[in-house]
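Each remark here refers to the structure printed beneath this line.
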């Protein structure tokens with residue numbers, strides 16, 4: 164059995180039971196002036212004395228059966244009396260076992276119809292969800308590779324001589340817009356939130372978010388949203404309300420495109436698929 168102490172030991176005494184005479188613990192005096200009482204490996208009591216202990220003895224002193232006599236380095240004699248009702252029973256060490264927090268029950272919310280329906284949807288469409296995730300991850304890698312290639316191409320372009328006057332050209336806005344979409348709602352009405360970010364170094368003007376889909380399957384609140392200007396590295400959020408008209412129709416997806424009046428090509432495009440909410444029960 165080993166007990167690690169913070170400072171060297173200057174004195175040690177055995178704590179005896181006055182009735183049976185058996186050893187109940189050990190009293191240790193440290194160089195820092197600390198006096199500790201150990202029962203086994205457990206620290207039962209700790210006290211500070213003003214000075215270094217050179218000698219100590221525990222036993223009977225006068226009419227007291229349990230007294231601790233300390234002799235200090237400066238010649239002081241200290242006598243400490245042990246209370247007759249003192250208990251040497253060690254409490255259970257909390258560090259040796261599992262923490263008490265594990266016995267506290269976790270407030271788990273009750274199962275609702277929406278949660279059960281969502282869980283069933285994840286089980287039924289787990290393969291499709293994994294494929295969509297892999298597709299989005301591949302598209303993200305492809306977009307990153309294109310952006311990196313475009314950056315390398317712009318870096319290695321030769322500088323234009325200041326003596327020559329270049330003819331005005333249409334600005335190249337490709338790879339200048341990033342769009343992230345998310346779908347909110349359980350149906351039949353969904354909210355599509357599109358975040359448009361300018362990843363170029365210049366200001367983009369006269370942008371438009373065009374929403375296109377099948378008119379027989381979906382009803383859109385607004386098919387064209389205007390973004391007058393977009394500063395570099397800033398994000399503009401647009402929201403579109405979509406209502407599914409026919410749950411049995413094939414989901415052809417909703418296409419969101421970002422266009423500009425200064426460019427002939429589409430700046431960014433995302434195909435959004437709405438979740439199938441036909442089996443969710445209406446409890447209203």
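Residue numbers (the working numbering): 164 to 447. No residue lacks a Cβ here, since even glycine has one placed at the ideal position from N, Cα and C. For clarity, every value in this text was computed on a predicted model and none was experimentally measured.
> How close, in whole Å, do the beta carbons of residue 194 and residue 173 come, if the pair is a contact with beta carbons under 8 Å?
Replying inline: 5 Å
>> Using only the alpha-carbon positions, how far apart do residue 372 and residue 435 sit?
In response: 14 Å
> Can you give the Cα-Cα distance for residue 381 and residue 354, rounded to whole angstroms?
Replying inline: 12 Å
> If you drop the 5 nearest sequence neighbours on each side, which residues of the same chain put their C-beta closer than 7 Å to that of residue 180?
Replying inline: 187
> Looking only at its own chain, which residues have a Cβ that is under 7 Å from the Cβ of residue 326, when we skip the five neighbours before and after it?
Replying inline: The predicted position of residue 326 is uncertain, since its pLDDT is 43 and thus under 50; no value can be drawn from it.
> Of all the alpha helix (DSSP H) runs that stay within the bounds of the segment 177–265, which reach a length of 4 or more residues?
Replying inline: none
> Using 8 Å as the Cβ pair cut-off and three pairs as the minimum, do the segment 411–422 and the segment 357–375 touch?
Replying inline: yes
>> Do residue 359 and residue 315 have their beta-carbon atoms positioned less than 9 Å apart in this structure?
In response: no
> Applying the criterion that 16 or more other CB atoms from any shown protein chain within 10 Å of the CB defines a buried residue, is residue 330 buried or exposed?
Replying inline: A caution first: residue 330 carries a pLDDT of 36, below 50, which makes its placement in the model too unreliable to give a value.
> DSSP three-state call for residue 339: helix, strand or coil?
Replying inline: coil
> With a CB to CB cut of under 8 Å and the five nearest residues on each side skipped, what residues in its chain are close to residue 221?
Replying inline: 176, 177, 178, 179, 190, 229, 230, 231 and 232
>> I need the DSSP call for residue 288, collapsed to helix, strand or coil.
In response: coil
>> If we require 4 or more residues per run, which alpha helix (DSSP H) segments fall completely within the segment 350–408?
In response: none
>> By the DSSP assignment, the beta strand (DSSP E) with residue 423 in it spans what residues?
In response: 417–423
> Roughly how many whole angstroms lie between the Cα atoms of residue 430 and residue 274?
Replying inline: 44 Å
>> By the three-class DSSP mapping on this structure, what secondary structure does residue 433 have?
In response: strand
> DSSP on residue 346, reduced to helix/strand/coil?
Replying inline: strand
> When you compare each of 340, 277 and 425 to residue 362 by their alpha carbons, which one comes out closest?
Replying inline: 340
> Using a beta-carbon distance below 9 Å, is residue 376 in contact with chain C?
Replying inline: Absent here is chain C; the protein component of the structure consists of one chain.
>> Can you look up residue 293 in the DSSP assignment and give me helix, strand or coil?
In response: helix
> For residue 294, does the count of other Cβ atoms within 10 angstroms reach 16, so buried, or fall short, so exposed?
Replying inline: exposed
>> Is it buried or exposed, residue 302, if we count other Cβ atoms within 10 angstroms and call 16 or more buried?
In response: exposed
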